[in-house]
Structures are given as structure tokens and as C-alpha cells.
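Everything on this sheet refers to the single structure shown next.
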Amino acid sequence: MYRAIIVDDEPEIRNGIIDLIDFEKYGFKIVGSAENGMEGLELAEELKPDLIITDVRMPFMDGLEMSKKIREILPLVNIIVISGFDEFEYAHKAMQIEITEYVLKPVTTEELCLVLEKVKNRMDENLKQKRDLIRLNKDFEQSLPLLREHLLSLMFEGNISTKKITELTNIARIDLLADKYVVAIIKTIEPDKNKPSDHLANHSRLAKIAIKSLCSEIVASQYRTQCLYYRDEMACLFMLDKDTTVNSIINLLESLRNVIYTSLDINVVIGLGIAVKDVTLVSESARSALSALDYSSAMGQNNVVWISNVESSSLHHLHPDANLLQSLSSYIRRGEENMAVDCVKKLVNYTKKNNMIYLSCQVYFLEVWTSILATAVELGINTDEVLPLNQWSSKIMYSNTNISQIEESLISAVRKIIVKNTQLNMDATERMILEGQEYIRKNFHMQNLTAETVSNHLHISTSYFNALFKKYTGNTFHQELNDIRMKEAMHLIKNTNLKTSEIAERIGLGESSYFSYSFKKYYGMSPLTARKSSEG
């Protein structure tokens with residue numbers, strides 16, 4: 014059943030339409046009525062009907078102007094205009110507002126019923142299209158696993174740009190945000206020739222389906238992962254937080270390998286790649302996981318092989334711990350000063366524990382500072398306000414600067430960045446709404462002040478402004494403006510000798526008759542009664 018409201022200033026016509034037409038027969042339920050355009054606008058905003066039937070000529074606001082304003086807040090509402098004016102100007106305005114049906118008076122009950130039936134059929138068709146769209150969305154949802162696997166395969170191969178990754182992650186609704194990424198590839202070992210032909214290991218496809226099921230059950234239950242078939246083997250992409258160690262992943266994979274063997278009687282070797290900090294580098298982890306599998310013959314066929322255990326890299330002691338730098342950046346972004354300072358101290362203590370020579374310390378601390386600087390730049394902070402780069406460079410390039418002084422400078426810079434970031438992170442939306450309220454308070458006397466006027470001032474759309482304004486203030490724009498105008502009117506009545514027409518002009522209502530109507534509706538008394546009450 015569709016919801017409908019009637020707007021007409023003549024009670025006999027308004028009530029006649031309601032009484033003479035069996036609206037429920039045509040699928041409509043009358044949920045409200047209004048006697049002028051202003052009330053009709055407020056009623057539509059409150060009830061959000063599916064259909065509005067309105068007259069054109071009404072006091073305070075005509076039907077076409079009301080329809081235009083309603084269309085801004087309810088863009089899909091159906092509107093039937095009943096007009097006594099067979100003029101091009103009115104019809105043209107109706108077309109601009111996208112009026113559903115424009116009916117000329119006099120109109121019979123039978124004619125109006127035909128119009129209702131026509132509108133109902135159109136609404137039913139729109140509803141059907143909406144349901145078809147829901148069905149298409151359902152089909153799309155079912156295709157998401159294949160789309161995600163395609164995306165991950167491209168990432169593993171390195172055949173995808175950063176822009177394309179962002180685009181496909183949004184389409185596939187997959188969250189790839191993490192502090193670090195590690196790829197594991199599970200390779201099934203050729204079964205023993207003595208195993209019977211019906212053994213699961215002899216049926217590669219079924220074996221891999223069973224292994225994927227175990228991966229989802231064991232691995233995905235403990236870590237954020239994405240599993241896929243990669244180069245005809247089972248692969249897992251681990252998306253880890255900063256505190257997760259690779260050793261914990263190795264232990265989990267050992268458990269998985271044992272479960273696969275005990276549950277399926279299948280031997281596997283698992284290659285674990287290097288950990289990378291950027292999603293665009295996942296292909297490097299995948300390549301190193303494949304390289305780890307190449308070592309399996311030497312390391313043992315039924316094993317977990319971590320590439321970092323079989324390929325050593327040099328000069329790690331000259332570089333800051335990547336996990337600590339990542340943690341430091343995260344704590345700065347979140348404003349966790351104590352944790353950020355603790356990270357700096359750990360980074361500094363590393364140089365002391367390893368007895369690094371000063372030249373190594375210079376390289377080391379330049380990397381630390383560059384990481385902090387990069388975080389500040391990403392947060393939109395002017396780094397010269399924190400510590401100019403030339404000052405920092407000179408501070409660490411001279412041997413008379415000790416480690417403690419460098420530590421103090423790093424901590425000071427981190428604290429300044431956190432303070433600056435906190436200042437920048439004031440709720441921009443809340444500030445915008447406050448600015449909008451201030452604009453209304455300063456300009457309520459303007460007769461043509463509308464939500465569109467305020468939204469243009471704020472450089473946002475009217476519908477977005479209306480939604481935000483309601484969310485943050487609890488009032489609609491019309492309620493806020495009316496409150497301000499009525500309170501100012503009461504103040505002028507009590508404290509001045511201005512005429513009703515002058516007060517109406519001052520508060521932006523213009524017509525004294527509409528002012529009196531609005532005032533009585535707001536306060537329950539006329540302006541004259543209010544003045545007498547204040548004088549008595």
C-alpha cells in the first residue's frame with residue numbers, strides 16, 4: 014500500500030477527494046492532509062509519502078513552489094497537480110519540476126480515478142525495476158568470490174597498478190588494509206605409488222578443495238586471510254597487524270600441515286614468503302614463497318619453509334626495525350603520545366645495545382627521521398613547524414651531538430606532530446553545521462532564505478545539507494528557521510511598538526497575514542494577544 018497526502022486550501026475539496034475516492038482500491042492510503050503549501054511542505058518532510066495530490070493556487074506558498082521544494086528532499090515522490098489554469102507557463106513549470114501528472118479542472122471523480130490508476134501502474138513498474146535491481150545485486154554478490162580471486166591473482170603476479178587495486182577492492186568489497194602482508198603457498202606432494210587409486214591424494218582437484226576447506230576453517234579463523242588457487246596450488250594472503258610475528262604464522266602453518274596429513278592423509282610443503290608493508294608489494298611475497306618451495310627438497314618435503322630462514326640478507330643492523338617504524342607511524346596518527354614516545358626510545362636503545370659506531374647511527378637516525386617526516390607530510394602538517402630538515406640534518410651530522418640529544422629531538426618532534434594532527438582533526442562536518450546555523454541566525458530576516466541558500470554558502474548540495482542538519486541539530490532547516498523567527502517576533506512584540514506588518518518584514522516573512530498565522534500556530538495565540546499579555 015502506497016502512502017499519500019492531500020494538499021488543498023479548500024476544506025470541501027480536500028475532504029471531498031478523500032471521501033469520494035476509494036483510495037485503497039487503487040493501492041493508496043491517505044496518511045495526512047494540509048491546507049496550504051507551507052504546511053504541505055512540512056507534512057511531506059515529516060511523513061515522506063509516496064504520492065502527493067495538490068492544488069496550485071494556495072495561500073503562503075502555491076502548489077508548484079511547494080512541489081519544487083519537496084522534490085529537493087524527496088526526489089522520487091510522485092506528484093499529481095490539479096490546476097484550473099490551462100496556460101503554457103504553468104505546464105512548463107510543472108515539466109521543470111517533473112510533476113507526475115498535471116490535471117486540469119474541472120475534473121470528475123472518474124477522471125481522477127483513472128489518473129490514480131495510471132500513477133499506481135507506473136509506481137508498480139518502478140517497484141518491479143527496483144526488485145530486479147535487488148536480484149541483480151544478489152547475482153553480483155554471488156560472483157564476488159570469483160572477482161576477489163581474480164584480483165588476488167593479479168596482485169600475486171604483480172600485473173596490476175595501485176589505481177586498479179583500489180578500484181577492484183571497492184568493487185569486490187574486500188578489505189586489504191593491514192600493517193604487513195605475507196603469502197603462503199601450499200603445495201601437495203606427489204602421493205605414494207602404493208596408495209590405492211581411489212585415495213584422495215590421487216584426485217588433485219578434490220584434494221585441493223578439501224585443503225581449501227581446512228584453510229578456511231583453521232587459518233581464516235585466527236587471522237585475516239584471503240585464500241585462492243594460484244598457479245594450480247592453494248595460496249593464502251595473510252593481512253597482519255603490527256604485533257603479529259612471522260613465527261606465529263609459521264606455528265599456525267605447521268598445525269595446518271599436520272591437520273592436512275592426519276585428516277586427509279596428504280603430504281604438503283608450505284612455502285612462506287617475506288613480509289611486505291605495502292599491498293602493491295604482495296607480488297614480492299608471492300615470488301619469495303615460490304622460491305621457498307624450491308628449497309623444500311633440501312629442507313624436507315613435509316615441512317614449512319620460510320624464505321628468510323634460507324636466504325640471509327646483510328647489513329640489517331644499520332637499519333631501524335621496520336615494524337617499530339610502522340608502529341610509531343600508527344601511534345602518531347592515532348594521537349597515542351605515550352606509545353609513540355616508547356617506540357622512539359626503543360629505536361634509540363637499539364643503537365646502544367648493538368654498540369653502533371656514530372657513522373652507522375647517522376644513517377640509522379636519518380631513516381628514523383625520514384619515516385617521521387613522511388608521516389607528518391601524509392597528515393598534511395607543515396614540517397617546518399615541527400623541526401626544519403636542515404636543523405635536523407645539522408643536529409645529527411656533527412659528532413658533538415650525543416644520542417640523548419637526538420632522542421630528545423625525536424620525541425619533541427613526535428609530540429609536536431601529534432598536537433598539530435589533533436588540531437587538524439576537528440570534526441569538519443560539525444564545524445560546517447555550526448557555520449550553517451550562524452548563517453541562519455545572521456540572515457533569518459531574508460524573505461528568500463532557503464536551505465538551498467545556506468547550502469550554496471557552504472558549497473554542498475541541498476539534500477546533503479538537509480540530511481546533515483537534521484542529524485546534528487535534531488531539527489529540520491524549516492524548524493530551525495521558524496524557531497529563530499518566532500523568538501525574534503516575540504522579542505519585538507514585547508519590547509517595541511512595531512506594527513505586525515513591520516515585525517513580519519523584519520523577521521523575513523513579508524506578509525503580515527502569514528506571519529499572524531505562523532505566530533499563532535507556534536505560540537497558540539495571536540500577535541495582538543501576545544502584546545496585550547506583555548502590556549498587562
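With this note's numbering applied, the sequence shown corresponds to residues 14 to 549, in that order. For each residue, glycine too, the CB sits at the ideal point set by N, CA and C.
- Per DSSP, Gly29 is one residue of the alpha helix (DSSP H) stretching across 24 to 33.
- Scanning its chain for C-beta atoms nearer than 6 Å, with the 5 sequence neighbours on each side dropped, one finds around Asp63 the residues Tyr15, Arg16, in chain order.
- A Cβ-Cβ distance of about 6 Å is found for the pair Ser321 and Ile287, placing them in contact under the 8 Å criterion.
- For Val272 against Leu227, the beta-carbon gap comes to about 6 Å, under 8 Å, which counts as contact.
- For Ile198, the uninterrupted beta strand (DSSP E) segment begins and ends at 193 to 201.
- For Ala185, the enclosing alpha helix (DSSP H) covers residues 175 to 185.
- Considered as a whole, the region 49 to 104 harbours 64 to 68, 91 to 96 as its complete beta strand (DSSP E) runs of no fewer than 3 residues, in chain order.
- The beta carbons of Leu54 and Lys81 sit no closer together than 7 Å.
- Sorting Ser261, Ala223, Thr257 by C-alpha distance to the C-alpha of Tyr274 places Ala223 at the top.
- Fewer than three pairs of CB atoms, one per stretch, sit closer than 8 Å, so the region 457 to 472 makes no contact with the region 29 to 38.
- DSSP, reduced to helix, strand and coil, places Phe251 within a strand of the structure shown.
- Pairing Glu398 with Phe169, the inter-Cα distance amounts to about 41 Å.
- Partner residues in the beta bridge of Gln239, as assigned by DSSP, are Leu250.
- Taking a contact as a CB-CB distance under 8 Å, the pair Leu253 and Val195 counts as one, their CB atoms being some 7 Å apart.
- Taking all protein chains shown into account, Ile92 has 16 or more neighbouring C-beta atoms within 10 Å of its C-beta and is therefore buried.
- Gly40 carries a coil assignment under DSSP once its states are collapsed to helix, strand and coil.
- An exposed status is given to Tyr477, since fewer than 16 other beta-carbon atoms sit within 10 Å of its beta-carbon.
- By the C-beta criterion, the region 448 to 467 is judged not to be in contact with the region 416 to 430, since fewer than 3 inter-stretch pairs fall below 8 Å.
- Judged by DSSP secondary structure, Ile431 falls within the alpha helix (DSSP H) whose first and last residues are 416 to 437.
- Taking the Cβ atoms as the reference, Ser547 lies roughly 7 Å from Ile506, within the contact range of under 8 Å.
- A Cβ-Cβ contact shorter than 7 Å links Ile187 with Arg161.
- With at least 16 other beta carbons inside 10 angstroms of its own, Phe378 counts as buried.
- Tyr115 is bridged by DSSP to Val94.
- If you ignore the 5 residues before and after Lys42, its C-beta comes within less than 8 Å of the C-beta of Met14, Tyr15, Arg16, Ala17, Phe36, all in its own chain and listed in chain order.
- The beta carbon of Arg27 lies closer than 6 Å to those of Ile19, Asp21, Ser46 in the same chain, with the five residues before and after it left out.
- Under the DSSP assignment, Leu541 falls in the alpha helix (DSSP H) whose first and last residues are 540 to 548.
- In the DSSP assignment, Leu190 falls outside any beta strand (DSSP E) and carries neither an H nor an E.
- Counting along the chain, Leu285 sits inside the beta strand (DSSP E) bounded by residues 281 to 285.
- In the same chain as Ser417, and ignoring 5 residues on each side of it, no C-beta atom comes closer than 8 Å to its own.
- Counting along the chain, Ile18 sits inside the beta strand (DSSP E) bounded by residues 15 to 20.
- Remark: fewer than three beta-carbon pairs, one from each stretch, lie closer than 8 Å, so the region 476 to 495 and the region 507 to 519 are not flagged as touching.
- Straight-line spacing of the CA atoms in Leu462 and Phe532 works out to 18 Å.
- Rounded to the nearest angstrom, the Cβ distance from Glu78 to Gly97 is 17 Å, too far for a contact under 8 Å.
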